[in-house]
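Count the sequence shown with my numbering and you get residues 20 to 184, in order.
For every residue, glycine included, the Cβ atom is placed at its ideal position computed from N, Cα and C.
Small disclaimer: the values here were computed from a predicted structure and weren't measured.
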Amino acid sequence: MVIGVILVLLIFGGYFLYQNSNKAPASVATNQEVNTQQPADQSNTVNVSQDNGIDVQIQLAKNYEVKYTDSGYTPSELKIKAGDTVTFKNESTHEMWVGSAMHPTHAVYSGTTLQQHCPDAENNDLDQCKSAKPGESWSFTFSKTGTWGYHNHAKANQFGKIIVE
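In structure tokens form, the structure reads like this:
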């Protein structure tokens, strides 16, 4: 993920150099052009065209929001790509603790139980490891493909699903 962030920064740096080169004397040549406009399908991509004829399209990570209300998670099912981040926002009147299936162990995503991976200082497990009060949120970046069930550990009859492609 760090490499991806560095790559994106380099691409945007090249873009700004290209923009500034348009103000430079005509003798200055550029070797790449960056198009950061989003396609009509609103996918989050950056197109890079180089003078050597190679065109590259880079898929950027997206951020999604799942709201937790008194009636549960909305949307209850979300389809994303590996590397995307989901922020779970507590808009309910009670506490929210996002945890991987199955209750109460939270072992499905990481293969370790709640007792083994909490506290999760590196945020590698689909487990909040503590309750969030109303108005608070918690974010998780999904690195594994698959269908991942989750629930509110503080109110286990409320659950949802993230499908990671």
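Own chain, CB closer than 8 angstroms to His113, minus 5 neighbours either side, in chain order
The count along the sequence shown starts at 1 and reaches residue 113 at position 94. Contacts found: Asp89, Pro153, Ala173, Lys174.
What number of angstroms, rounded off, separates the C-alpha of Thr124 from the C-alpha of Gln134?
By one-based count along the sequence shown, residue 124 stands at place 105. By one-based count along the sequence shown, residue 134 stands at place 115. Computed Cα separation, rounded: 8 angstroms.
Beta-carbon proximity list for Ser111, same chain, < 7 angstroms, skipping 5 on both sides:
Counting from 1 along the sequence shown, the entry for residue 111 is found at position 92. The residues are Tyr87, Thr88, Asp89, Pro153.
Backbone CA spacing between His136 and Ile73 [nearest angstrom]
As a working mapping, residue 136 is identified with position 117 in the sequence shown. As a working mapping, residue 73 is identified with position 54 in the sequence shown. Taking the straight line from one Cα to the other gives about 44 angstroms.
CB of Lys250 within 8 angstroms of CB of Glu155, strictly
Residue 250 lies beyond the residue range present for the chain, which begins at 20 and ends at 184; the question has no answer from this structure.
Answer with buried or exposed for Met121, where buried requires no fewer than 16 other C-beta atoms within 10 angstroms of its C-beta.
If you number the sequence shown from 1, residue 121 lands on position 102. By the neighbour-count criterion, in which 16 or more other beta carbons inside 10 Å mark a residue as buried, Met121 falls on the exposed side.
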